[in-house]
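Enquirer: Could you have a look at this structure, given as structure tokens, before my questions?
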Amino acid sequence: MSPLQKVAAILLCTILLLMVLASIFVPAPYARQFRDIPNAGPSTAHPLGTDALGRDSLSRLLYGTRVSLLLAPGASLLSTIIAALLGSAAGLIGGWFERIVLALTDLSLALPWLFLLLTVRAMLPLDVPPMVSVVIAFLMMGLLGWQSAVRVICAATRGIRDSDFLLLARSTGCQPARLLLRHVAPNLRPLFYVQFWISIPLFILTEANLSILGLGVMEPMPSWGNLLRGFENFSALAANPLRLVPLILLVLVVMCFQLVLPSQEVTQ
Amino acid sequence: MRQAWIFLTLILVLGLPAAVRAETARQSGGELHFCLHGEPKTFNPLLVEEDASETIRYLTGGVLIRLNRQTQALEPGLAVSWKVSQEGRRISFHLRSGLRFSDGTPFTAEDVAYTLKALMDPQLHSPTGDSFRSGEGQVDVQIPSAAAVVVTFPAPVAGLERLFDQVAILSAHSPKKEMAVLGPFYVADYSPGSSVLLHRNPNYWKKDKEGKPLPYLDSIRLDIQRNRDIELLRFRRGEIQLINALDSESFDSLQKEMPAVAHDAGPGLDSEQMWFNQVPSAPLSEYKKNWFRTTEFRKAISMAINRADLCRIVFGGHAHPAVGPVSPANQFWFNSSLPVPAYDASGALRLLAQVGFRLEGGALHDSSGNRVEFTVITNAGNKSREQMATMIQQDLSSIGIKVNLVTLDFPSLIERITRTYDYEACLLGLVNTDLDPNSQMNVWLSSAENHQWNPKESKPATAWEAELDRLMRSQASAISDKKRKADWDKVQQIVAEQQPFIYLVNKDAMSAISSAVVGSSPSVLDPHAFWNAELLRLGGDLALGAQK
Amino acid sequence: MLRRLLLIASLGLVAALFSATLVRFAPGYGVEERELDPRWSAESVEALRHKQLLQEGLASFYFHYLSALARGDLGESDSLKRPVRELLTQRLPVTGSAIVRGLGVAWLAAALLASLGLSSRSWLYEASGTAFSSLLLSLPSAVVAMLAVHLRAPVFCAISVVVFPRLHRYMRSLLVRSYDQPHVLAARARGLTSGTIFWRHVLPVAAPPLLALFGVSFAIAFGAAIPIEALCDSPGLGQLAWHAALSRDLPLIVNVTFVVCLVMLVANSLADLAGRTVIGASQ
């Protein structure tokens, strides 16, 4: 591990620790509105000040970190599994199956995924608890986020398709499914890990994007995207630069994830 | 490293033209520049439904009677005088003579008759036309002379004269059809998705006190800009000279930098309200329906909401607690004897105790032991509504009620409140453009569509709703304004007692007008900043107040 | 070739019709904001709803759409009341130019940064390059859009900022790997200038995967264009798609999906084709 990667890893662990121990650190519950001091600057009671409704910014940041950091890996896992299955199957079988899968991938990139998310949101029963709706949101993202990985996995599978050990396995009459699971997948494992790690920051960012566009986590639950919505008003930012902290944290965490990545080289 | 330099030069080459183009051109004097918030869907004044088209209609249309937005009184427009007779069934106009449309076509009573006949056509479905529909039957339009028009309606129309402020007269003969207009400006150019250019109408009939022809401005450019933040940014840079409707955050930040520019005309007509679903066939559990139908429950919720905090925190003080469907800005029709709702959480709990609700372990339970919990829906993307709902969440949690908040996109929201009735409580705002209560007929009649808490009732579900029906019908057919006001005051009284809508706040009418614009006087009625567009001029500080 | 085009066109249609189905059965279809306006009389609202009902059947919608498409008529937008074809012809160039320029700048910047210090391979170049692209990669595209608005930067800058870091990573690793190939080492040993090495030895080997990357970058750019255009209020295809989704405008969504799909499929096919040609040429 290069020194840069070590630094990134330490940073990530610290943030994770803070997140887990959030309930000890927080000055106040994240939903409690201190109505006398909206938009306050930093103070001893509220180290990062308060937001527009008088809620403690530090608490919201720590709890928001929980939402994003716990759920993004879940979504990433889901999308990696889907991409792995589709990609390796396509690469292995080749021919028309591969072409169909790749075409489907391109198609789903063209579909209005935003609309799908809107729809699922609107179809949920209203008395769904906020946590469940967040989980569902991330699930949806996972189900929709597998496209970029498929091509890479497919290309990699194609690369090892004609290798010796596979030929051997095939000649001994190995079933395709078994071929996939026992021979192809273990060889591509480094690639899957890479994809998993790459996707986590992508989903964190997607959630942030969605919240900024108004489709994110329900109030009063905080999430990074929620916290970033205040950015629309530039002058408020200038007045209280501490509002940049969620963005800085987001950028820091995502950068660390990328730096900590196992080597990106795809062995062919 | 040679290739690095090649790449660098290529990047610069690609990027440079854009940087140059980013500098937008400053407009010359005499052209007012501001923004529309959406595409105008039509240029036909009879079919106007939304804001953008309405702005264009206001600026280009010539009307018979104009409502002065400042004094709230009616002024002669294309009609020099008018007379309402037969108890509101007939109105006769005496028109100005010698006028021409923007393309030169002469204006006669025929054009008025043509416009009115088109408007009253039952096949034409438009808000403007529907406002006149008071009863079954044809509308009769007569032209006794070239400068007189008599219109007879099948049934009395309440507030008849005022409705003509919305009717822009079309030409019966001009080859340009609806593009030939009688207002101060006409549409010279429209580039879809981008902007609308209005030019001064040389044939406009109005002249100023010295006899100079109006309008003073040469042209108005309306850019289509959906994003309010970008609009504000452009205003700061001096690219646009006014913002017609400003929200409280932008108002505050503008006021800090350029105090002369931000104008708060006082409480406006718009209100924000919350209501509970009282539809009997709604897919909710029975015990929840019972809560929502209990008057004491609704009143207690109203008492437990801290409206002063909402005004102070969400709107930065630029709003006032709302008393009922009418805002105090509506000087004539507001019932001033109504008490302002006070924040009283313990009073709310006492009221709830009267109908069997008890507080147990910090949570409120009804008489059958069910935990009081409901979901409020509101539309996504409206920050102040979301903030209000979050504050209401905390207010109600202090009396043990758990409130969930769901933001939906507008079409899904509308579907829930008008078709499936699958919701528990809803928080929305009402945009009131009309002072006259008759425009709210479809809200208060129990059989009507917009009776949001229980639309389209076959017969009134409660005694007070039956009373509301009676009062609304009475004011619609009454002749004297005094009698109508008495009825409407009673309506406001009943609404305050029964709280079918829990009115939260009345937002202030705020606008931003650059110091380069001379002659503006922001009003409480829409359009706040440019209601007197014909009298506006660009002069004064051409630096447009941006850097002073 | 023709078969390929037909395949692309039919895939585009499938996507379009799928999104039509999605929209049609999603909640909120067929309701209009005007229903909340109390000025409408009961008859008008009924007439409005009746008109929606007439457009009910999905199968008939498919049929009408396809037959109209055969005639070149793309229908009329419900919410904007203008022919879809006119809307598309207006907005496609805006988005197109933004994407082309954004991609151009992103590719050039990525190539520049990736090719820096290839031969010397110093720690500084690696670290700074990685750090810079990681930083950009960590910014949510909505934040990039907002920054673009505040800095008065044109839309294509936002797009290039979003695409650049993703390109850079791949390009860097690709170029580094090609640089380590035996024939490149041999060329360096023979004393060829770094310029010649880059253009004649490294690039041709790296070309096929780079071309494949082109298709992917196009897709990324298109995907990023939607929220960016919506936030920057630029009158392009992205904003149209956003508006169409929010207002459940069936004709518009179908056509926009069709166009977007076509564009992406064509881009990918061209990239594949080019890749295969280069491989063929080099063999």
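Chains as they are written, first to last, in the numbering used here: chain A, 1 to 268; chain B, 1001 to 1548; chain C, 2001 to 2283.
Cβ atoms here follow ideal geometry from the backbone N, Cα and C, with glycine treated the same way.
Starting from the N-terminal side, write out each stretch of the beta strand (DSSP E) that is 3 residues or longer and does not extend beyond the stretch 1207 to 1263 of chain B.
Expert: With a minimum length of 3 residues, the continuous beta strand (DSSP E) runs that stay inside the stretch 1207 to 1263 of chain B are 1219 to 1224.
Enquirer: Does the Cβ of residue 2011 of chain C have 16 or more other Cβ atoms within 10 Å, making it buried, or fewer, making it exposed?
Expert: Within the third sequence, numbered from 1, the residue matching residue 2011 of chain C stands at position 11. By the neighbour-count rule (16 or more Cβ atoms within 10 Å), residue 2011 of chain C is buried.
Enquirer: Kindly indicate which residue of C:2234, C:2067, C:2020 has the alpha-carbon position closest to the one of residue 2153 of chain C.
Expert: Along the third sequence, one-based indexing puts residue 2153 of chain C at 153. Residue C:2234 is the option with its Cα nearest to residue 2153 of chain C.
Enquirer: Report whether the distance from the Cβ of residue 54 of chain A to the nearest heavy atom of the ligand SAH is below 7 Å.
Expert: Absence of the ligand SAH is noted for the structure shown, with no ligands found whatsoever.
Enquirer: Is residue 34 of chain A helix, strand or coil by DSSP?
Expert: Sequence index remark: in the first sequence, residue 34 of chain A carries index 34 (1-based). Of the three classes helix, strand and coil, the one that applies to residue 34 of chain A here is coil, per DSSP.
Enquirer: Find the residues of chain B that neighbour residue 2028 of chain C, judging by a C-beta separation of less than 9 Å, and give them in chain order.
Expert: Translated into positions along the third sequence, residue 2028 of chain C becomes position 28. By Cβ distance, chain B contributes 1408, 1409, 1410, 1411, 1412, 1413, 1414, 1415, 1416.
Enquirer: Give a yes or no on whether 8 Å exceeds the smallest Cβ distance from residue 181 of chain A to chain B.
Expert: Start at 1 with the first residue of the first sequence, and residue 181 of chain A comes out as number 181. Cβ-Cβ to chain B under 8 Å: no for residue 181 of chain A.
Enquirer: Taking only the alpha-carbon atoms, compute the straight-line gap between residue 1104 of chain B and residue 1077 of chain B and give it to the nearest angstrom.
Expert: Reading the second sequence from its first residue, position 104 is the one you call residue 1104 of chain B. Reading the second sequence from its first residue, position 77 is the one you call residue 1077 of chain B. The alpha-carbon atoms of residue 1104 of chain B and residue 1077 of chain B are separated by roughly 19 Å.
Enquirer: Leaving out five residues before and five after residue 245 of chain A in sequence, what residues of the same chain have Cβ atoms less than 7 Å from its Cβ?
Expert: Residue numbering aside, residue 245 of chain A sits at position 245 when the first sequence is read from its first letter. The residues are 48, 61.
Enquirer: Considering just the uninterrupted stretch of the alpha helix (DSSP H) at residue 1512 of chain B, what are its terminal residues?
Expert: As a position in the second sequence, residue 1512 of chain B is number 512, starting the count at 1. First-last for residue 1512 of chain B: 1501 to 1513, but that is the beta strand (DSSP E), not the alpha helix (DSSP H).
Enquirer: Give the secondary structure of residue 1082 of chain B by DSSP, where H, G and I count as helix, E and B as strand, and everything else as coil.
Expert: Counted from its first residue, the second sequence places residue 1082 of chain B at position 82. Residue 1082 of chain B falls in the strand class under three-state DSSP.
Enquirer: Could you work out which residues of chain A lie near residue 1390 of chain B, taking near to mean beta carbons separated by less than 7 Å?
Expert: Position 390 of the second sequence, counting from 1, holds the residue named residue 1390 of chain B. Under the 7 Å cutoff, chain A gives 53, 219, 220.
Enquirer: Please name the residue in B:1226, B:1227, B:1223, B:1204 whose C-alpha comes closest to that of residue 1216 of chain B.
Expert: Translated into positions along the second sequence, residue 1216 of chain B becomes position 216. Measuring from the Cα of residue 1216 of chain B, the nearest candidate turns out to be B:1204.
Enquirer: Assuming contact is defined by CB atoms lying nearer than 8 Å, are residue 1269 of chain B and residue 1493 of chain B in contact in what I supplied?
Expert: Here residue 1269 of chain B corresponds to residue number 269 of the second sequence, with the count starting at 1. Here residue 1493 of chain B corresponds to residue number 493 of the second sequence, with the count starting at 1. No, the Cβ-Cβ distance between residue 1269 of chain B and residue 1493 of chain B is not below 8 Å.
Enquirer: I need the straight-line Cα distance from residue 1027 of chain B to residue 1219 of chain B, nearest angstrom please.
Expert: Start at 1 with the first residue of the second sequence, and residue 1027 of chain B comes out as number 27. Start at 1 with the first residue of the second sequence, and residue 1219 of chain B comes out as number 219. Confidence in residue 1027 of chain B is poor, its pLDDT being 35 and thus under 50, which makes the residue's placement unreliable; the coordinate value appears in the next sentence. For residue 1027 of chain B and residue 1219 of chain B, the distance between alpha carbons rounds to 11 Å.
Enquirer: Let me check understanding here. Comparing Cα to Cα, which of C:2083, C:2176, C:2105, C:2086 lies closest to residue 2126 of chain C?
Expert: The residue given as residue 2126 of chain C occupies position 126 in the third sequence. Out of C:2083, C:2176, C:2105, C:2086, C:2176 has the C-alpha closest to the C-alpha of residue 2126 of chain C.
Enquirer: Can you tell me whether residue 1063 of chain B is helix, strand or coil according to DSSP?
Expert: Sequence index remark: in the second sequence, residue 1063 of chain B carries index 63 (1-based). Residue state, collapsed to three classes: strand.
Enquirer: Using 8 Å for Cβ pairs, my map puts residue 1408 of chain B next to residue 1379 of chain B. What's the rounded Cβ distance?
Expert: Position 408 of the second sequence holds residue 1408 of chain B. Position 379 of the second sequence holds residue 1379 of chain B. Going by Cβ atoms, the distance from residue 1408 of chain B to residue 1379 of chain B rounds to 7 Å, so yes, they are a contact pair.
Enquirer: What in chain C is Cβ-close to residue 1125 of chain B, meaning under 9 Å?
Expert: For the purposes of this step, residue 1125 of chain B is taken as the residue at position 125 of the second sequence. Residues of chain C passing the Cβ test: 2040, 2041, 2043, 2044, 2045, 2047, 2048.
Enquirer: Look at the Cβ atom of residue 1239 of chain B, then the Cβ atom of residue 1037 of chain B, and state whether they are nearer than 8 Å.
Expert: Locating residue 1239 of chain B in the second sequence gives position 239, where the first residue counts as 1. Locating residue 1037 of chain B in the second sequence gives position 37, where the first residue counts as 1. Result no, Cβ atoms of residue 1239 of chain B and residue 1037 of chain B do not sit closer than 8 Å.
Enquirer: Please classify residue 1287 of chain B: is it buried, with 16 or more other beta-carbons within 10 angstroms of its beta-carbon, or exposed?
Expert: Residue numbering aside, residue 1287 of chain B sits at position 287 when the second sequence is read from its first letter. Exposed is the call here.
Enquirer: For residue 2247 of chain C, go through chain B and note every residue whose CB falls closer than 8 Å to its CB, in chain order.
Expert: The residue you call residue 2247 of chain C lines up with position 247 of the third sequence. 1411, listed in chain order.
Enquirer: Residues of chain A with CB under 7 Å from residue 2011 of chain C, in chain order?
Expert: Taking the first residue of the third sequence as position 1, residue 2011 of chain C is located at position 11. Neighbours of residue 2011 of chain C on chain A, chain order: 103, 107.
Enquirer: Which same chain residues, not among the five before or five after residue 1087 of chain B, have their C-beta less than 7 Å away from its C-beta?
Expert: Numbered from 1 along the second sequence, position 87 holds the residue referred to as residue 1087 of chain B. For residue 1087 of chain B, where only same-chain residues beyond five positions count, the Cβ hits under 7 Å are 1156, 1479.
Enquirer: What residues in the stretch 2201 to 2228 of chain C bring their beta carbon closer than 9 Å to a beta carbon of chain A?
Expert: Residues passing the 9 Å Cβ filter: 2209, 2212, 2215, 2216, 2219, 2220, 2222, 2223, 2226, 2227.
Enquirer: When DSSP builds the beta bridges, which residues end up paired with residue 1426 of chain B?
Expert: Reading the second sequence from its first residue, position 426 is the one you call residue 1426 of chain B. Beta-bridge pairing links residue 1426 of chain B to B:1275, B:1377.
Enquirer: Between which two residues does the beta strand (DSSP E) holding residue 1035 of chain B run?
Expert: Counting from 1 along the second sequence, the entry for residue 1035 of chain B is found at position 35. That run of the beta strand (DSSP E) goes 1031 to 1036.
Enquirer: Please name the residues in the stretch 36 to 50 of chain A whose beta-carbon is closer than 8 Å to at least one beta-carbon of chain B, in chain order.
Expert: The residues in question are 38.
Enquirer: Output yes if chain C places a C-beta closer than 8 Å to the C-beta of residue 1025 of chain B; else output no.
Expert: Counting from 1 along the second sequence, the entry for residue 1025 of chain B is found at position 25. Unreliable positioning characterises residue 1025 of chain B in this predicted model, as indicated by a pLDDT of 39, which lies under 50. A coordinate reading is not provided.
Enquirer: One question on the structure: do residue 1196 of chain B and residue 1061 of chain B come within less than 8 Å of each other, judged by their Cβ atoms?
Expert: Counting from 1 along the second sequence, the entry for residue 1196 of chain B is found at position 196. Counting from 1 along the second sequence, the entry for residue 1061 of chain B is found at position 61. Contact flag unset, no.
Enquirer: Helix, strand or coil for residue 28 of chain A, going by three-state DSSP, please let me know.
Expert: Position 28 of the first sequence, counted from the first residue, corresponds to residue 28 of chain A. Residue 28 of chain A: coil per DSSP, three-state reduction.
Enquirer: Return the first residue and the last residue of the alpha helix (DSSP H) that residue 1370 of chain B is part of.
Expert: As a working mapping, residue 1370 of chain B is identified with position 370 in the second sequence. Run containing residue 1370 of chain B: none; DSSP gives neither H nor E here.
Enquirer: Using the beta-carbon count (16 or more within 10 Å), is residue 2191 of chain C buried or exposed?
Expert: Here residue 2191 of chain C corresponds to residue number 191 of the third sequence, with the count starting at 1. With fewer than 16 Cβ atoms within 10 Å of its Cβ, residue 2191 of chain C is classed as exposed.
Enquirer: Would you say residue 211 of chain A and residue 223 of chain A are within 8 Å of each other, going by their C-beta atoms?
Expert: Your numbering for residue 211 of chain A matches position 211 in the first sequence. Your numbering for residue 223 of chain A matches position 223 in the first sequence. Cβ atoms of residue 211 of chain A and residue 223 of chain A: closer than 8 Å.
Enquirer: Under 9 Å Cβ-Cβ, which residues of chain B neighbour residue 122 of chain A?
Expert: Position 122 of the first sequence, counting from 1, holds the residue named residue 122 of chain A. Within 9 Å Cβ-Cβ: 1408, 1409, 1411, 1412, 1413, 1415, 1416.
Enquirer: Whole angstroms are fine: how far does the CA of residue 1030 of chain B sit from the CA of residue 1194 of chain B?
Expert: Position 194 of the second sequence holds residue 1194 of chain B. Position 30 of the second sequence holds residue 1030 of chain B. Between residue 1194 of chain B and residue 1030 of chain B, the C-alpha separation is close to 21 Å.
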